[in-house]
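Visitor: Here it is: the structure, laid out below.
Residue numbers (the UniProt record's numbering): 1 to 1254.
Put into structure tokens, the structure is as follows:
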């Protein structure tokens, strides 16, 4: 053990190899001796009394020389010699947020630094009473073992406790320095004043001097008030500005040189080149910086202070040392040559508190103070050293074998010892026990008392929860009882755990609990970080013979233990056991026992006996019951196993949030069942952290989540795992898409699930319902094999679509893949039915960011709006847009300072993008784009069909997330017109794909295909609603097929006699708009001009099974169709006269119907009454249909916030209020989802307005 400790507590580097030693110069040993050997542990002693001259020096006939030796002693720092204004070097001993900073000082002294004295920045902020959240916690800017310079503010002594109050403020430390004190190479301490974009401004405490650390010198983030040792790289004497570095490799080696220093220009921590002037009785006298003399006491020399240390030093030797203390009044300077101080790196203690050293060697006896010990066995070290180590010099061998320990005279024996020299001798061995460690001196504090060595509790770590202890009462106060369990270890009994009668009586009236009496208690909890132990004196816990429950791992099913009630809530009773282990007795379980009012049945602090019914040690979730009878195990803890399978895949509502943890909500259902709702299950897009944060903010403890939640799984302990993912909720009932058992999985099926883990070597694991998991190996993640999974390619919790590649029925395992070829074409029913990636994204954004300006009247992208020019900023032109007293900002990145607009000018812009997080629109000022966004141009545009290919679409904007791009492309029928769409660059099968990966930027030309002709969906309006949804086209993956339309012979040519009401005609589709189609017919020249139209009302309704979302989705331009003429309007050359032989028809306007029920039958039908459609022509059969109370059929053509627009015929439109859609409140609430555009409905006429024709 000694050998192992020797290597873990070194002062220097490993011994050099023989070849290295042979090559070293003669001067090398001297250099290595004085501070170039690395870290080392040195002995430290307390202040020594003055000795007689005859003991301090060898015999000499010259009395003058004796007098010199008597006075020549190295200065020792002690509590008596510490005075106000002294400068000291210390190291951080203990850091606790909100408490004073503990500093280890030389000679085993300790000091404290108040929060306001930690830096000038802290002092200024606290003086101004600034909010504490602006200041970083102490644990963030200080670390244990960090060396810091200090100035003594005061000393005090009360109740036998000595206190040294320190300050770390550089303005006090460097108060005597001037700008001329700084030059290139100067090293001193500074604190961070502020962190800027280009670096950090640091405070050196010198008036008029500004110091700056460039960004390139900041290898790690820094915080305001943080301490650093800096080295001046350059100094501008004109502006008194210093450029400095905090690079440890430079600042630790920065040596202070020169010969023009004064005493007040010296600061603690300065690294100096020193020369030994004399060897003193207890150290060395050295000179530095030409004129200065200082002492190095024996505890801080470069070699361990063992017997015969004087022989290792001689006058003239050179070394390096740091200033340890400066006393301006006594004009006294002390230095440290100890390697760990020179290198500013405190070694770790080789021993832990409580360790027993059987044979420690006495190296030195300080009369009346204590003894220096070597804690390592030299014999053991020699045996374990190899041959090369045995050849080391005698000095190195001693060095390696030495580990300093110090025992104070009060700890050498249980009995009082006045003279150490009489009881102990140098070189003898002694048994001791480690009490602690002094970081600055790197010395272990030990005790040789038999009582200390045999003591079982020496520190808080030795106490175990549930252990019975006896302690002496130190204090009885209103805040509790303080017990001293052993020397240095105290425990607190809080009022809740004090004997009940003590809370009602004064402590002095009860003799049993007076100060100084011995009392029994039991350990509740040990906080090792805060070094606090909490005890209980509750008789029920003290007398309990039941097992101690002190960890969740010990909570086995059926275990009965005593605990105490700590919380009574609506959802049940919380019982705490030992070591902060707590469990819940659900309200549902208590109600089964007939308890309705918990406040009347239980009280806080009551000792109870409870039985463990369920425990998840990993999640630290414990369920208990107060029913401890033998048959209680029959009771169902939360949900019976047979009902668990039924719950999975179902939805539940109105769950209550019982706790908000770091990654999930803890919830409870109405019937008392427990559940967990992970944050990644709140959305289909957990990669978007801002979206997740917005949803999380909506719920707090006690809130009820009214939205439906899907039961994803139920664990063995009955806890439900819930999900709020819209896509999972939508497909919960379709087992072929969202399976819950292995039997639901079919090969080549496209499934919806969520990522549960990503393994770099195995692949991506996808989870479905009921903990059904599949793996997607690396070879199935992309079209090309990937050697490694890139970081962020898939993230845990995000919703994905995957295809089943392989099913192993024997092992009941299946493999899924994410290859693009399985998703680019809507051949699969899942691809058709599920919402598009971008549409789902918009749906969630709109529901979360449901702000007033978006909800009431969103500005639609792809439209031209009149804006007001504000000005040009570095990021582009800024414009404002107003509507309905709402003002939004529009940014145009392409606008520069050269723009011809002045502030306040009205400018027309085409809106191209919208940022939900910033609530900002983006626009384009290009004249051609602005023209195509006008209302007139939009009316002329043709409808595009889903699946249609768009060639050479031009990118207008790329989102900040790089997940989509807004493009323009020529209209299919009129190339002079431009249509606007949004291209989704990623999908559920490739959620990490970005524009950067694809090389897409503004101005690029890309090939796309139409996914949906409109993005409008759901009850929440979005700025993207009027854009066409597109996806990237990949010719390599899309199956190339021939034109689907049949090659027909020439279309029939029609005469005037054929274009009559009731006849069927055949033609080709010339164009498709949102609400109508134009049909091209072949006619004779005599017929004149013919225009044939088909209204959205006159085609078959949506076929939901086919996945179509609009009645026109089944049609495409240039395909042949046959329709029935249901209305004819003819006009002659003279439009004012009716058509006749004298005024023959030169223009025919036909209204056709493609509905199956109208087209079927003969080519010519005489019964034309059934083709009559509602019309506004007074006296017509169509006008007769528009009577109040009549039933009419129509198709939903538009959606608004409070009503629907219903197309009844080609020229009659009706308004359907949302309150009239159904008697069911739920249907009314979700009327836009229940009645999408294109759905055929049957309505009743409530009111007719002839003037407005509505």
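Beta carbons: idealized from backbone N, C-alpha and C, even for Gly.
Computed from a prediction, not measured in an experiment: that's the story for all the values here.
Considering only residues of the segment 411-465, which uninterrupted beta strand (DSSP E) runs meet the minimum length of 3 residues and lie entirely inside it, listed in chain order?
Guide: Complete beta strand (DSSP E) runs here, min 3: 429-438 and 443-447.
Visitor: Rounded to whole angstroms, what's the CA-CA distance from residue 1239 to residue 972? Just pull it up for me.
Guide: Numbered from its first residue, the chain shown carries residue 1239 at position 1239. Numbered from its first residue, the chain shown carries residue 972 at position 972. Using only the alpha carbons, I get a separation of about 26 Å.
Visitor: Quick one: is residue 884 buried, meaning 16 or more other Cβ sit within 10 Å of its Cβ, or exposed?
Guide: What you label residue 884 is simply residue 884 of the chain shown in a count that begins at 1. Burial call: exposed.
Visitor: Under DSSP, the beta strand (DSSP E) around residue 534 begins and ends at which residues?
Guide: The residue labelled residue 534 in the question sits at position 534 within the chain shown. Note, residue 534: beta strand (DSSP E), 532-536.
Visitor: Out of 805, 963 and 420, which one is the CA nearest neighbour of residue 991?
Guide: Here residue 991 refers to the residue found at position 991 when the chain shown is read from its first residue. Closest option to residue 991, Cα to Cα, is 963.
Visitor: Please name the residue or residues paired with residue 227 in a DSSP beta bridge.
Guide: Translated into the one-based positions of the chain shown, residue 227 becomes position 227. According to DSSP, residue 227 bridges with 191.
Visitor: In the DSSP assignment, find the unbroken beta strand (DSSP E) run with residue 920 in it and report its ends.
Guide: Taking the chain shown and counting its residues from 1, the one referred to as residue 920 is at position 920. Start and end: 920-924.
Visitor: Which stretch, first to last residue, makes up the beta strand (DSSP E) that contains residue 914?
Guide: Here the question's residue 914 lines up with position 914 in the chain shown. It spans 906-915 - the beta strand (DSSP E) in which residue 914 sits, taken as one unbroken run.
Visitor: Can you tell me where the beta strand (DSSP E) holding residue 1228 begins and where it ends?
Guide: As a working mapping, residue 1228 is identified with position 1228 in the chain shown. First-last for residue 1228: 1225-1229, but that is the alpha helix (DSSP H), not the beta strand (DSSP E).
Visitor: Using the rule of at least 16 other Cβ atoms within 10 Å of the residue's Cβ for burial, across every protein chain shown, is residue 75 buried or exposed?
Guide: Taking the chain shown and counting its residues from 1, the one referred to as residue 75 is at position 75. Buried: at least 16 other Cβ atoms inside 10 Å.
Visitor: Are there 16 or more other CB atoms within 10 angstroms of the CB of residue 577, so buried, or fewer, so exposed?
Guide: What you label residue 577 is simply residue 577 of the chain shown in a count that begins at 1. So residue 577 ends up on the buried side.
Visitor: Assign residue 1068 to one of three DSSP states: helix, strand, or coil.
Guide: As a working note, residue 1068 is residue 1068 in the chain shown. Note: residue 1068 maps to strand in three-state DSSP.
Visitor: When you compare the CB positions of residue 262 and residue 274, do they come within less than 8 Å of one another, or not?
Guide: For the purposes of this step, residue 262 is taken as the residue at position 262 of the chain shown. For the purposes of this step, residue 274 is taken as the residue at position 274 of the chain shown. No, these two residues do not count as a Cβ contact at 8 Å.
Visitor: When you compare only the Cα positions, how much space is there between residue 836 and residue 1115?
Guide: Indexing the chain shown from 1 puts residue 836 at position 836. Indexing the chain shown from 1 puts residue 1115 at position 1115. The alpha-carbon atoms of residue 836 and residue 1115 are separated by roughly 21 Å.
Visitor: Do the CB positions of residue 465 and residue 550 come within less than 8 Å of each other?
Guide: Residue numbering aside, residue 465 sits at position 465 when the chain shown is read from its first letter. Residue numbering aside, residue 550 sits at position 550 when the chain shown is read from its first letter. Closer than 8 Å, so yes.
Visitor: Considering only their Cβ atoms, is the gap separating residue 804 from residue 732 smaller than 8 Å?
Guide: Here residue 732 refers to the residue found at position 732 when the chain shown is read from its first residue. Here residue 804 refers to the residue found at position 804 when the chain shown is read from its first residue. Not closer than 8 Å, so no.
Visitor: Tell whether a beta-carbon distance below 8 Å holds between residue 404 and residue 323.
Guide: In the chain shown, counting from the first residue as 1, residue 404 sits at position 404. In the chain shown, counting from the first residue as 1, residue 323 sits at position 323. No, they are not a contact pair.
Visitor: If you follow the alpha helix (DSSP H) that residue 927 is part of, which residue opens it and which one closes it?
Guide: Walking along the chain shown from the start, residue 927 turns up at place 927. First-last of the alpha helix (DSSP H) with residue 927: 927-932.
Visitor: Hey, how far is the Cα of residue 296 from the Cα of residue 284?
Guide: Here residue 296 corresponds to residue number 296 of the chain shown, with the count starting at 1. Here residue 284 corresponds to residue number 284 of the chain shown, with the count starting at 1. Spanning the two alpha carbons is a distance of roughly 5 Å.
Visitor: Report, in whole angstroms, the separation of the C-beta atoms of residue 520 and residue 434, which I expect to be a contact under 8 Å.
Guide: For this step, residue 520 is matched to residue 520 along the chain shown. For this step, residue 434 is matched to residue 434 along the chain shown. So it is not a contact: roughly 29 Å between Cβ atoms.
Visitor: Could you give the residue range of the alpha helix (DSSP H) that holds residue 172?
Guide: As a first step, residue 172 is located in the chain shown; it is residue number 172 there, counting from the start. Here the alpha helix (DSSP H) through residue 172 covers 170-173.
Visitor: Spatial neighbours of residue 661 within its chain, please: CB distance less than 6 Å, with the 5 preceding and 5 following residues excluded, ordered by chain position.
Guide: Here residue 661 refers to the residue found at position 661 when the chain shown is read from its first residue. So the list is empty, once near-sequence residues are dropped.
Visitor: Work out the CA separation of residue 619 and residue 715 for me, nearest whole Å.
Guide: In the chain shown, counting from the first residue as 1, residue 715 sits at position 715. In the chain shown, counting from the first residue as 1, residue 619 sits at position 619. C-alpha separation (whole angstroms): 12 Å.
Visitor: Under 8 Å, with one C-beta from each stretch per pair, do the segment 248-261 and the segment 198-208 reach the 3-pair mark?
Guide: Verdict: no, contact absent.
Visitor: Give me the Cα-Cα distance between residue 1235 and residue 1220, rounded to the nearest whole angstrom.
Guide: Within the chain shown, residue 1235 is the residue found at index 1235, counting from 1. Within the chain shown, residue 1220 is the residue found at index 1220, counting from 1. So the two alpha carbons sit approximately 12 Å from each other.
Visitor: Look at the alpha carbon of residue 950 and the alpha carbon of residue 1007, and state the distance between them as a whole number of angstroms.
Guide: What you label residue 950 is simply residue 950 of the chain shown in a count that begins at 1. What you label residue 1007 is simply residue 1007 of the chain shown in a count that begins at 1. Distance between the alpha carbons of residue 950 and residue 1007: 6 Å.
Visitor: Compare the beta carbon distance of residue 722 and residue 737 with 8 Å and say whether it is the shorter of the two.
Guide: Position 722 of the chain shown, counted from the start, is the residue given in the question as residue 722. Position 737 of the chain shown, counted from the start, is the residue given in the question as residue 737. Not closer than 8 Å, so no.
Visitor: Determine the extent of the alpha helix (DSSP H) in which residue 947 is found, giving its start and end residues.
Guide: Taking the first residue of the chain shown as position 1, residue 947 is located at position 947. No alpha helix (DSSP H) holds residue 947; DSSP gives it neither H nor E.
Visitor: Candidates 879, 859, 124 and 860: which alpha carbon is nearest residue 868's?
Guide: Locating residue 868 in the chain shown gives position 868, counting from the first residue. That would be 879, whose Cα lies nearest to the Cα of residue 868.
Visitor: For residue 282, I'd like the list of residues in its chain whose CB is within less than 7 Å of its CB, leaving aside the five on either flank, ordered along the chain.
Guide: In the chain shown, counting from the first residue as 1, residue 282 sits at position 282. Correct list, in chain order: 48, 73, 74, 297 and 298.
Visitor: Residue 588 to residue 533, Cα distance in whole Å?
Guide: On the chain shown, residue 588 is found 588 positions in, with the first residue counted as 1. On the chain shown, residue 533 is found 533 positions in, with the first residue counted as 1. Rounded to whole angstroms, residue 588 to residue 533 spans 36 Å at the Cα level.
Visitor: Exposed or buried, residue 1005, counting other C-beta atoms within 10 Å across all chains shown (16 or more means buried)?
Guide: Along the chain shown, one-based indexing puts residue 1005 at 1005. Exposed, since its Cβ has fewer than 16 Cβ neighbours within 10 Å.
Visitor: Compute the Euclidean distance between the alpha carbons of residue 111 and residue 469, then round it to the nearest angstrom.
Guide: If you number the chain shown from 1, residue 111 lands on position 111. If you number the chain shown from 1, residue 469 lands on position 469. Their backbone Cα atoms lie some 32 Å apart in a straight line.
Visitor: Does the beta-carbon distance from residue 493 to residue 528 come in below 8 Å?
Guide: For the purposes of this step, residue 493 is taken as the residue at position 493 of the chain shown. For the purposes of this step, residue 528 is taken as the residue at position 528 of the chain shown. No; because the gap between Cβ atoms is not below 8 Å, this pair is not in contact.
Visitor: Helix, strand or coil for residue 408, going by three-state DSSP, please let me know.
Guide: The residue labelled residue 408 in the question sits at position 408 within the chain shown. Residue 408 falls in the strand class under three-state DSSP.
Visitor: Keeping to the same chain, check which residues put their C-beta closer than 6 Å to that of residue 125; ignore five residues upstream and five downstream.
Guide: Against the chain shown, residue 125 aligns to sequence position 125. Excluding residues within five positions, the ones whose Cβ falls inside 6 Å are 135.
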